[in-house]
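Protein chains in written order, with this note's numbering: chain B, 68 to 750; chain A, 602 to 803. Only one structure is covered here, and it is reproduced in the block below.
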Amino acid sequence: MPKIFINNNEIEFKEGMTVLQACELAGVEIPRFCYHERLSIAGNCRMCLVEMEKSAKPIASCAMPAAEGMKIKTNTKMVEKARKGVMEFLLVNHPLDCPVCDQGGECDLQDQSLYYGFDGSRFKENKRLVKDKYMGPLIKTQMTRCIHCTRCIRFATEVAGVSELGAIGRGEDMEITTYLEKSMTSELSGNVIDLCPVGALTSKPYAFEARPWELKKTESIDVMDAVGTNIRVDSYGWEVKRILPRLNNQINEEWISDKTRYACDGLLKQRLDKVYIRKNNQLVESNWDDAINLISSKIKSTSSEKIAGHVGGLSSFETINSFKKFLEEINVKNYEFREKDFYVNPDQKMNYIFNSSIQGIEKADFILLVGTNPRHEATILNARIRKTYLKNKLPIFSIGDPGDLTYPYKIVGNKTEDIQKILDGKSEINDLLKKSKNPLIIIGESALELKSGKYIFEGFKEFLYKNKFINEDWNSFNILTQNAATVGALDLNFFNKPNGRGSFFDKMNNHNFDLLYLVGSDELNFQKNNEFIIYQGSHGDRMAQIADVILPSPAYTEQNGFFINLEGRLQKAFKATNPIGNAKEDWKIFNLIVDKIKNKNLFTNYKTLIEDSLSKIKENKNIDTLPEPQIKKINLSSGNFYSEQVLIRPIDYYFSNPIARASKTMSDCRIEKIHNSENRKTG
Amino acid sequence: MSLKKIHDNQPDKFEFTKANLELADKILKKYPSDQKKSAVMPLLYLAQNQNENWIPLAAMKYIGKLLSMPYINVYEIATFYSMYNLAPVGKYFIQVCTTSPCALRGSNKLVDICKEKISNNQNELSQNKLCSWTEVECLGACINAPMMQVNEDYYEDLDETNTKKILNSFLEDKPLKPGSYRNRKNSAPEKNQILTNGHKNA
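Okay, structure coming up:
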C-alpha cells in the first residue's frame with residue numbers, strides 16, 4: 068500500500084483516497100463544508116486547505132488525490148492563516164445572528180468558526196440579501212445564510228434522483244433554488260436539512276421548537292416501513308420534537324425517508340389517552356376496571372370460534388407474541404397480521420425475508436421487480452438500488468408498472484403470462500438473467516395478493532434454486548414486505564393456516580366473528596355489522612371510530628420493543644417518552660384480562676416477556692445480525708396458474724399508517740403532491 | 602452585474618423554426634449521442650437568435666426536453682452566462698464596455714449618454730421600444746477604446762458627439778455604419794507614418 072506523510076507521521080492509505088481521507092486515517096481533523104463522503108466531490112468551500120510540500124499554495128485536500136510520498140502538513144502557520152481567511156470570506160455574507168437561527172447549537176459554520184476562525188470581522192459593507200425560496204412544506208429556507216457548498220444539489224441529483232435543485236447566477240449572485248420554486252418530488256427530501264452545514268435549509272415543522280442541547284436523545288428504530296431504519300428520537304418532556312437518522316451502513320447509510328422524519332408530529336395528535344366504552348352508540352370516557360370487566364365477560368360469553376384477533380403493522384415483536392399467547396390462553400385460533408390477503412409460506416425464514424440483504428444490493432448485476440414499487444414501499448431500499456444503478460449501470464426490469472422509481476427500468480409485461488414465460492425460460496430477459504452472477508428478484512406483496520400468488524412465489528423459488536441462484540454465497544430470492552411487524556408476525560406464525568389464504572378474511576367479511584380484538588390495526592378493509600370490537604392502540608383512527616371498547620396503549624416511541632426488519636435483522640427500539648394519559652403497555656393489558664378471566668399472569672414481568680419472545684424467533688436470535696443462509700433443506704412446491712393482470716397496489720405514501728394520518732406535516736405533503744401532479748398534467 | 606431577472610411576461614410556447622431545427626441537428630451531430638447535453642450552450646444561443654435576442658422559460662424547457670436533461674440544469678446555464686438575455690432587449694442592444702482601458706478613455710461619458718438617450722436603468726427599453734443598453738466587461742477591443750457593441754457590431758473610438766449621433770440613429774431605426782469613428786482601419790495606427798520592416802500600417 069502507498070504511504071503518505073501527514074504532519075511527519077508516515078501512514079498507509081488505499082489507492083484512490085483523497086488527501087482529506089488520508090488525514091482522517093491519521094486521526095487529523097480537517098474542517099470542511101462542501102465535502103461529504105457519500106456525495107461527489109465539489110471542492111468549492113475551500114475550508115479543507117492544507118499545506119503540501121513543494122506546493123507554493125495550500126491545496127484543497129478534499130479534491131486532491133493522495134499520492135505516494137506526499138508530505139502534508141495541517142498544523143502550520145500557513146494552514147492556520149488559510150483557514151482563517153476562508154472563514155472570514157464565508158462570514159462576509161453570512162448573517163451573524165446565531166441566536167435567532169434554528170441551526171444554532173448544531174451548526175458546522177458556528178463550530179468551525181469557533182475552532183478555526185478569526186475573532187473579528189474587517190467587513191464593514193452591506194451584506195448581500197437573497198430572497199427566501201419556497202421548497203415545500205418540509206424545508207424552511209433562509210437563503211442569506213447559504214454558503215454555496217452545493218451539498219443539497221448534489222444530494223438531490225445523486226441520491227434522491229430528482230434533478231430539481233440547482234444553483235443559478237454566478238459569483239456573489241449565486242442562489243440555490245428549485246426550478247420555479249416547487250417542492251421537491253422526492254421521499255428523501257428531508258435529508259438536505261441534515262446535509263446543510265448552516266441554517267439555510269432547516270426543518271419547517273421543527274422551526275423554533277427547541278434547541279438541540281435541551282432535547283433528550285434516544286437511539287431507536289423506525290416503524291413506518293419494514294426497512295427498520297435506524298433513527299434518533301429527540302424529545303422534550305413527553306413530546307417527540309423531531310426524528311433524525313442514525314448512521315448504519317447496512318441499512319439506511321445516513322438517510323431517512325420523509326415519512327420517518329416528519330410523521331412524528333402525528334404522535335401528538337389524535338391520541339387515545341383514556342379508556343372509552345360505547346354506550347348508546349356513543350363513546351363514553353371510562354376506566355380500566357370497567358373496561359376489563361366488560362371485555363372479560365364478553366370473552367366468556369362468546370364461543371372461542373367466534374372470537375378473532377388482528378394485529379397492526381406497527382406492532383413490536385413482544386406485542387404480537389403476548390397477543391398470541393393471550394389468544395391461545397382463551398382458545399382462540401383466528402388471528403391474523405395481514406391487511407390484504409397475500410400468499411405467505413413460513414416454512415423457512417428464507418421464504419419471507421429480503422435474502423440478499425440491503426447492503427447486498429450493491430453486489431447485484433441484474434434486478435427484476437415483480438409487482439412492487441420499492442420507492443413507496445421501502446424508500447431507503449430504493450435509494451440503495453439507485454446507488455447500485457449509478458455505480459454498476461445494471462439492467463433493471465419490472466413486471467407491472469410502478470411509475471417513476473428515480474432510475475431507468477424496463478417493463479417486461481403486465482400479466483402473469485409474462486411471469487410464466489420467465490419461469491419457462493422463454494422470456495427475452497432469460498439470457499441476461501442466465502449470464503448474471505448476482506441477480507436480484509424482488510417480489511412484492513401486490514404480486515402475492517394475486518390468485519396466482521402461490522404460483523409466482525413457489526415458481527420463482529424453484530426457478531432460482533434450479534438455476535443455482537440460491538446458494539451459500541448469494542440468495543437472489545427476495546420478498547419485499549411492507550410493514551414493520553410483518554417478519555416478526557411470520558416468525559410467530561401469527562396467521563390462519565393453511566398458509567392463511569382465505570379463511571380469516573372470508574370469515575371476517577361474512578361476519579362470522581362476534582368479537583374482534585384489534586391491536587393497532589387500522590388498515591383492515593372491514594364493514595362493521597354486529598361485531599363487538601375491542602380496539603387497543605395509540606391513535607383514534609379508522610378502527611377506533613367503530614370500536615365498542617378502546618384501550619389506550621403506547622406508540623412506538625413510548626415503549627421498548629423488538630422489530631425484525633425485512634432482511635430478518637432483529638433490532639431494538641427504545642422508549643423515548645412516557646406513554647400519555649392512562650395508556651398501558653400492550654402486554655400489561657393482556658395480563659390484566661387474563662388475570663380477570665383465569666386468575667393468572669401471562670408474564671410475570673418484562674424480563675420473562677423478553678425471554679419468551681426472543682426464544683420464538685426463527686433461526687436468528689442475535690441482535691443486529693443477518694440470519695445465516697439456510698439452503699441445505701429447501702422445500703419446493705407449486706401453485707396453480709391463473710391469467711391475471713399484475714397491478715401494483717398504489718400506496719398513499721404520506722397516509723399509510725395511523726401515525727402518518729394524524730400528522731399535519733404528512734397531510735401537507737400529501738396535498739402538495741396532489742397539487743404538483745395536477746400541475747404536471749396541465750403544464 | 603446583478604442576478605439576471607426572469608421576465609414577467611413569458612410566452613406559453615416555444616419551438617424551433619424548421620431552419621433552426623436543422624441547425625440544431627447539425628450542432629447535435631458534433632457531440633456523441635450519449636452526451637447530447639453538451640449542445641446546450643449553442644442551442645440556447647440559437648433560441649436567443651430566434652426569439653428577438655432573449656430566451657423565454659418555455660425555450661429552456663423545450664431545450665431541456667430536446668436534450669433529455671433536467672430543466673434546472675438548462676436554467677443554471679442560462680443564468681450563469683452574461684450573453685444569454687432572459688428578458689426582452691431592444692432591437693438594438695447596446696453593450697458599453699466599462700473595463701479599465703475603456704474607463705480610462707472616458708466610457709463613463711458613454712454610459713451617461715445612454716442613460717440620457719435610452720433609459721435611466723440598464724436593461725430597460727427606450728420609450729420607442731427600439732433600444733436597450735447595458736454595461737459589460739472587456740470586449741477585447743481596448744486599442745479602440747472607448748467602444749460599444751450593438752448587436753453583432755463594434756462601434757469604436759467614440760467620443761461624446763459621435764456617440765450621441767450613433768444613439769440617435771438607432772432610436773430613429775436608421776443605424777449608422779459600425780467601425781472606427783476616427784477613420785482608422787480596424788486597429789491600425791491613425792496616421793500612416795510608422796514603418797515597420799518597410800511596411801505601411803503594420
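Idealized CB from N, CA, C, for every residue including glycine.
Query	Result
Simplified DSSP state of leucine 582/B, which is helix, strand or coil	strand
Span separating the alpha-carbon of serine 781/A from that of threonine 762/A	14 Å
Short Cβ contact (8 Å threshold) for lysine 765/B with phenylalanine 599/B	Because chain B here runs from 68 to 750, residue 765/B falls outside it and cannot be looked at.
Contact list for arginine 338/B against chain A, beta-carbon separation under 7 Å	Near arginine 338/B there are no residues of chain A at all, since even the closest Cβ is about 41 Å away, more than 7 Å.
Distance, glutamate 738/A Cα to arginine 313/B Cα	50 Å
Neighbour flag for threonine 764/A against chain B, beta carbons, 8 Å	no
Host beta strand (DSSP E) of threonine 244/B (start-end)	242–245
Per DSSP, the bridge partner or partners of proline 619/B	Gly604/B
Residue environment, tryptophan 322/B, which counts as buried when at least 16 other CB atoms sit within 10 Å	buried
Per-residue contacts from arginine 636/B into chain A (C-beta, under 8 Å)	Under the 8 Å cutoff, chain A gives no residues; its nearest Cβ is about 36 Å from arginine 636/B.
Integer-rounded CB distance, given that asparagine 388/B should sit under 8 Å from lysine 683/B	6 Å
Glutamine 317/B beta carbon less than 8 Å from that of isoleucine 9/B	Nothing can be reported for residue 9/B, as the shown portion of chain B is limited to 68 through 750.
Beta-ladder partner(s) of glutamine 750/A, from DSSP	Gln696/A and Tyr755/A
Selected residue, minimal CA-CA separation from serine 543/B, among Glu529/B, Leu659/B and Ser423/B	Ser423/B
Proximity to serine 605/B [Cα-Cα], best of Asn592/B, Gln626/B and Lys121/B	Gln626/B
Beta carbon proximity, serine 230/B to chain A, threshold 8 Å	yes
Residue span of the beta strand (DSSP E) that contains tyrosine 183/B, given as start and end	Unbroken run through tyrosine 183/B is the alpha helix (DSSP H), 175–183; no beta strand (DSSP E).
Neighbourhood of tryptophan 280/B by C-beta, 6 Å cutoff - its chain only, sequence neighbours within 5 removed	Gly172
Boundaries of the alpha helix (DSSP H) in which glutamine 612/B is found, first to last residue	609–613
Beta carbon proximity, isoleucine 695/A to chain B, threshold 8 Å	no
Residues bridged to histidine 377/B [DSSP beta-bridge criterion]	Glu403/B and Leu585/B
Start-to-end residues for the alpha helix (DSSP H) that takes in serine 682/B	673–682
Contact check, asparagine 111/B vs cysteine 216/B, beta carbons under 8 Å	yes
Cβ neighbours of serine 353/B in the same chain (closer than 7 Å, five flanking residues each side left out)	Val342, Tyr343 and Ile344
Own chain residues within Cβ distance below 6 Å of histidine 443/B, not counting five before or after	Ile718 and Tyr720
Rounded straight-line distance, which links the Cα of alanine 556/B to that of glycine 567/B	Residue placement at glycine 567/B cannot be trusted, given a pLDDT of 48 that sits under 50; what the coordinates show is reported in the next sentence. So the two alpha carbons sit approximately 13 Å from each other.
Contained alpha helix (DSSP H) runs [length at least 4] in the stretch 410–492 of chain B, N- to C-terminal order	441–444, 446–459 and 483–490
Residue interval of the alpha helix (DSSP H) (run including glutamine 349/B)	Element bounds for glutamine 349/B: not the alpha helix (DSSP H) but the beta strand (DSSP E), 349–353.
Phenylalanine 80/B and alanine 89/B closer than 8 Å at C-beta	yes
Helix, strand or coil at cysteine 743/A [DSSP, three-state]	helix
Residue closest to arginine 212/B, alpha-carbon to alpha-carbon, out of Leu163/B, Met84/B, Leu500/B and Asn193/B	Leu163/B
Residues of its chain near phenylalanine 593/B, where Cβ-Cβ distance is below 7 Å and the 5 sequence neighbours each way are ignored	Met575
Exposed unless 16 or more other CB atoms sit within 10 angstroms - verdict on aspartate 635/A	exposed
Closer than 8 Å to chain B by CB, isoleucine 673/A	yes
Cross-chain neighbours of alanine 234/B in chain A, by beta carbon under 7 Å	Glu677
Under the three-state DSSP convention, the category leucine 507/B falls into	strand
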